Amino acid sequence: MTTPLQKVIAAIDAINQEDPNFTVINNQQQPKELIYGQYMSACLNQYWPNSNEHLQIAVRAQHIKRWHLQRAEYPTGKQGYLTWRKELGKFHAETTKQLMLENGYDEESAEKTACIIRKEKLKTNPDSQTLEDVACLVFLQYYFDEFAAKYTAVNNEDKIIRIVQLTWKKMSERGHKIALSLTLPDHLAALVNKALA
Numbered sequence: 017m018t019t020p021l022q023k024v025i026a027a028i029d030a031i032n033q034e035d036p037n038f039t040v041i042n043n044q045q046q047p048k049e050l051i052y053g054q055y056m057s058a059c060l061n062q063y064w065p066n067s068n069e070h071l072q073i074a075v076r077a078q079h080i081k082r083w084h085l086q087r088a089e090y091p092t093g094k095q096g097y098l099t100w101r102k103e104l105g106k107f108h109a110e111t112t113k114q115l116m117l118e119n120g121y122d123e124e125s126a127e128k129t130a131c132i133i134r135k136e137k138l139k140t141n142p143d144s145q146t147l148e149d150v151a152c153l154v155f156l157q158y159y160f161d162e163f164a165a166k167y168t169a170v171n172n173e174d175k176i177i178r179i180v181q182l183t184w185k186k187m188s189e190r191g192h193k194i195a196l197s198l199t200l201p202d203h204l205a206a207l208v209n210k211a212l213a
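Residue numbers (the working numbering): 17 to 213.
Here you go:
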């Protein structure tokens, strides 16, 4: 029998399967946010294997239908970026809450998950903090190389180091330990070491 959790995860994946943006894996194009959600779940299962259903759903839905709100629709600069990020968080939370209500969860459970996705009470809600840790670890493992290459190409290593420092600040002690245990390529490990020096 399919559980509500399995139904919601399948519904999230079905939406992310529609992503018009692609990631290439083993020479095959895959929907970008579908793969991102799978990376997030794999990371959670590896390091936080006993997570509750709210967190499992929040992690998978962290970028649900992310292409719906384009960065270009908001003003340039830091303020525009922060507004976009906040609106995205609300959109991801509402979309997920709706899916949960449609698949057998009650209002309280759906709202708990929405709070995690909106990253509310980061320092007092361990689930919100774990979501942040998972997102940072997935970034370091799968997206840091491409991100760093962009800035290295224009000789802007300082920007990369600043981003790593900001990422580090968002993480818990446990997140830090896991991050330091990751096997990163030498050039990326060197950047992390510079950022933490």
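For every residue, glycine included, the Cβ atom is placed at its ideal position computed from N, Cα and C. Computed from a prediction, not measured in an experiment: that's the story for all the values here.
Tell me whether Phe160 is buried or exposed, calling it buried when 16 or more other Cβ atoms sit within 10 Å of its Cβ. With a threshold of 16 other beta carbon atoms within 10 Å, Phe160 meets it and is buried.
With DSSP as the reference, label Ile176 as helix, strand or coil. In the three-state DSSP reduction, Ile176 falls in the helix class (H, G or I).
Do the CB positions of Tyr52 and His84 come within less than 7 Å of each other? Taking 7 Å as the Cβ cut-off, Tyr52 and His84 do not qualify as a contacting pair.
Can you grab the Cα-Cα spacing for the pair Gly96 / Ser188, in whole Å? Using only the alpha carbons, I get a separation of about 27 Å.
Sort out for me which residues DSSP pairs Thr39 with in a bridge. Thr39 pairs with Gln46.
Can at least three beta-carbon pairs, one atom from the region 104 to 112 and one from the region 44 to 64, be found at a separation below 8 Å? Counting Cβ pairs under 8 Å, fewer than three are found: no touch.
Over the uninterrupted alpha helix (DSSP H) stretch that includes Arg82, give me the two end residues. Looking at the DSSP string, Arg82 is not in any alpha helix (DSSP H), and its letter there is neither H nor E.
Compare the Cα-Cα distances from Lys193 to each of Asp149, Glu136 and Arg178 and report the closest residue. Comparing Cα-Cα distances from Lys193 to each of Asp149, Glu136 and Arg178, the minimum goes to Asp149.
C-alpha distance - Asn171 paired with Ile179, whole-angstrom precision: Whole-angstrom Cα-Cα distance: 15 Å.
Does the distance from the C-beta atom of Ala74 to that of Ile132 stay below 7 Å? With respect to Ile132, Ala74 sits close: the two C-beta atoms are nearer than 7 Å.
Chain-order list of residues whose beta-carbon lies under 8 Å from that of Tyr167 (same chain, five-residue window excluded): For Tyr167, where only same-chain residues beyond five positions count, the Cβ hits under 8 Å are Glu173, Lys175 and Ile176.
Along the alpha helix (DSSP H) that carries Thr112, what are the first and last residues, could you check? Counting along the chain, Thr112 sits inside the alpha helix (DSSP H) bounded by residues Gly93 to Glu118.
Of the residues Glu69, Glu162 and Ala30, the one placed nearest Gly120, counting alpha carbons only: Closest by alpha carbon: Glu69.
Leu200: which of Val154, Lys186, Ala213 and Ala58 sits nearest, CA to CA? That would be Val154, whose Cα lies nearest to the Cα of Leu200.
Which value, in whole angstroms, describes the spacing of the CA atoms of Ala77 and Ile28? Those two C-alpha atoms are separated by around 6 Å.
Contact check, Leu156 vs Ala195, beta carbons under 7 Å: Taking 7 Å as the Cβ cut-off, Leu156 and Ala195 qualify as a contacting pair.
Can you tell me whether DSSP reads Thr146 as helix, strand or coil? Three-state result, Thr146: helix.
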